[in-house]
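Shown next, in structure tokens, is the structure this report addresses.
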Amino acid sequence: MKTKKLIAPRYLFLSAILIILAGGLVLIPKFEKHEGISPELLLSNAISPERYISTDELADRYISRDPTILLIDVRDESSFNENTLPNSVNIPLNKLLDENFDAYLNQTAYDVILFSNDSFKANQAWILCNRLGYKNLHVLKGGINEWFSTIINPKEPTENMPKTAFELYSFRKAASMYFGVMYEDQLKIAVPKKTKTTPKLVIPIKKKKKIPTEGGC
Amino acid sequence: MGPLIPNGVIPYEWNNILAILIGIAFGFVLESSGFSSSRKLAGVFYGYDFAVLKVFFTAAVVASIGLYYMDYLGYISVGELYVQPTYLWGAIIGGAVMGVGFVAAGFCPGTAITSVAIGKIDAMVYIVGIMIGVFIFSEFYTLFQPLYEGSYLGNITVVDYFGVNPYIFIFCLTIVALLAFFFTDMIRKKVKKVFY
Amino acid sequence: MKVTEKNRHIYWNPYFGGFLLGLIVLFTFYTTGRGLGASGAMKSSVVAVVEQVAPSHAENNAYYSKFISEDKSPLNTWLIFEVIGMLIGGMISGGLSGRIGWRVQHSPKITKRRRLYFALGGGMLFGIGAQIGRGCTSGAALSGMSVLSVGGFLITITIFGTGYLAAYFFRKNWI
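Chains as they are written, first to last, in our numbering: chain A, 9 to 225; chain B, 17 to 212; chain C, 19 to 193.
See below:
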């Protein structure tokens, strides 16, 4: 019972563990904390083929009334009011970080498709959203310009082109008719002016509330 | 990601349920460590039992080491935790008054509650005393107000205020705690045993 | 032998208790982002009682009115629930070790009455002090020290410092 030892061995052992743990905190390599995702992941997202969605693919998803697409127009408000893709939401690039738009971008239920006149602004928005760690982001390849030149005014293939080009053309033509473009040979059939079938997407803006920590005795 | 409830990982409704569960664990550990005995608690001031200091310091060291490891691994962000505001003179004078109350009664509020749970009448009287104390403070609040609200320094930690590296600070704290354990044990061996 | 027989409080090793307590503090911070506490529950009870007895007085008092809100009772706070849990936890632990029973614990050198007077007086001082310092040993000192709060260290030092200074005057109560 009465040991002359200053410290019992088990306490020596326990204090050694505590010192090692505390010392570990001092010695662990420090790094600057990254907000959002790591550069490696950003790179792999950037080179992934998933990043872009072609206008044909988009048209296809439109026509099949895919409910999971969420189109976001990152151009400014005046261009948005002038012309845009059906059922799209306007989030100008300079307001991308606005809290009100957070619910549109920061969710996993929809495939977010960013577009602008060309791919440029949409790509910027894509990078920003990726840095914030948002998921399911795509860029419409070529933007609205591409959309008009391929879907709305498809170029008629010339005789010497392969068969696939003709198939693509007929698809695009059908798609453009879906979006309300009329052709000479189709005029007998009354094409409805604009078939806006899918209802306007309304995402309830659920603000992610952050309760301030409280406490005290 | 953490703290879980303020970040909405766990719904807010769990807050009070967790409070009861945490309270049960807290009460259990305090009682099992002997904190329901005022004579054991008072031992820290007379050198015959340093359980308060040991439990208290061990808990603070373990919690701070754990918090900073969790912060490092990204489970919790230390900056989001509640840090009580520091009112320099309020803390000093309040602490001094509490110190006298502690040694007079041999309880602090948390330990008194566990003591009430096992039926100690002195602890119940003590709790009534605290309530009277709070009542007196509130009734004469205008008197205490300058002290209560003066010399406000903000919700500061030693990292903010002194600019020290938290990791090194915790390491030093650990060393100090271990030294304190060692020396208090030496003292306890010299002091006449008190049976309680 | 008889003395040791009376002295058979089987308590945990303080380091083990401290380790578990540290884990509880850690868990509390991880889940709720706040620390533990105790005296806040007593403050809430006082506010609730005063509000029941004299609502207009409570409204007019600058201190009570801080803790009174229209939509919820002053008793509906985190700390009240935590203290209810503490009572349960203490009862479980005490029950398991057979420590439950009505008694007044005091040094054999002093009377029961003296012990109760000192408990009351000490409680009053602690109550006032906890309000001035915005926290008690668990809320301000323990939780504060865990997050390296300046106030936490300050309160710990002052509580124990003045405790040692005042210990001489109260020695008869304890040893």
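No residue lacks a Cβ here, since even glycine has one placed at the ideal position from N, Cα and C. As the structure is a computational prediction, the values presented were derived from the model and not from experiment.
- Message: Let me make sure I understand the geometry here. Which of 88/C, 91/C, 125/C has the alpha-carbon closest to that of residue 210/B?
- Response: 125/C
- Message: Any C-beta of chain B within less than 7 Å: which residues of the segment 66-91 of chain C qualify?
- Response: 79, 80, 81, 82
- Query: If you scan the segment 22-92 of chain A from start to end, which runs of the beta strand (DSSP E) of 3 or more residues do you find wholly inside it?
  - Reply: 77-81
- How about residue 131/B and residue 52/B: are their beta carbons less than 8 Å apart? yes
- Item | Where residue 118/A falls: helix, strand or coil (DSSP) | coil
- Cβ-based neighbour list, residue 195/A, same chain, cut-off 6 Å, excluding 5 preceding and 5 following: Low local confidence applies: a pLDDT of 48 at residue 195/A is under 50, so the model's placement there is unreliable, with the coordinate-based value given in what follows. Once the five neighbours on either side are set aside, residue 195/A has no close Cβ partner at all.
- Going by CA-CA distance only, name the one from 43/C, 146/C, 92/C, 105/C that's closest to residue 116/B. 146/C
- With a threshold of 16 other CB atoms inside 10 Å of the CB of residue 171/A, please say whether the residue is buried or exposed. exposed
- Which two residues bound the contiguous beta strand (DSSP E) that contains residue 148/A? 145-148
- Query: In terms of residues, what are the limits of the beta strand (DSSP E) holding residue 97/A?
  - Reply: 96-98
- residue 186/B at chain A interface by Cβ criterion, 8 Å: yes
- Query: At a Cβ threshold of 8 Å, is residue 22/A touching chain C?
  - Reply: yes
- Residues of chain B with a CB under 8 Å from the CB of residue 31/A: which are they? 187
- Message: For residue 79/A and residue 174/A, what's the separation of their Cα atoms in angstroms?
- Response: 28 Å
- Task: Could you tell me the distance, in whole angstroms, from the CA atom of residue 191/C to the CA atom of residue 134/B?
- Result: 22 Å
- Task: Could you tell me whether the Cβ of residue 196/B comes closer than 8 Å to any Cβ of chain C?
- Result: no
- Query: At least one CB of chain B closer than 8 Å to the CB of residue 26/A: is that the case?
  - Reply: yes
- Message: If we require 4 or more residues per run, which alpha helix (DSSP H) segments fall completely within the segment 21-57 of chain C?
- Response: 32-50
- Do the segment 108-118 of chain A and the segment 142-155 of chain A meet, that is, are 3 or more Cβ pairs less than 8 Å apart? yes
- Query: In chain A, what lies closer than 7 Å to residue 97/B by C-beta?
  - Reply: 221
- Item | Short-range partners of chain B found in the segment 134-155 of chain A, where Cβ spacing is below 7 Å | none
- In chain order, what residues of the segment 48-59 of chain C put their CB closer than 7 Å to some CB of chain A? 51, 52, 53, 55, 56, 57, 58
- Message: Could you check whether the Cβ of residue 135/C sits closer than 8 Å to any Cβ belonging to chain A?
- Response: no
- Should residue 190/B and residue 30/A be called a contact, given that it needs their Cβ atoms to be closer than 8 Å? yes
- Message: Check whether the segment 62-72 of chain C and the segment 89-100 of chain B are in contact - that is, three or more C-beta pairs closer than 8 Å.
- Response: no
- Message: Looking at residue 183/A: is its Cβ nearer than 8 Å to the Cβ of residue 111/A?
- Response: no
- Secondary structure of residue 104/A, DSSP reduced to three states: coil
- Item | 7 Å CB neighbourhood of residue 164/A in its chain, flanking five on each side removed | 177
- Task: May I ask you to report which of helix, strand or coil DSSP gives residue 121/C?
- Result: strand
- Item | Pair within 8 Å by beta-carbon distance, residue 25/B and residue 166/C | no
- Message: Which of the three DSSP states is assigned to residue 98/B in this structure?
- Response: coil
- Message: Out of 155/A, 125/A, 120/A, which one is the CA nearest neighbour of residue 86/A?
- Response: 125/A
- Going by C-alpha distance, which of 193/C, 155/C, 37/C is nearest residue 177/C? 155/C
- Task: Quickly, what does DSSP pair residue 173/B with across the bridge? List them, please.
- Result: 167/C
- the ligand NAP heavy atom lying under 7 Å from the CB of residue 48/C: With respect to the ligand NAP, the structure offers nothing, as it holds no ligand at all.
- Same chain only: Cβ atoms within 8 Å of residue 171/C, ignoring 5 sequence neighbours per side: 162, 163
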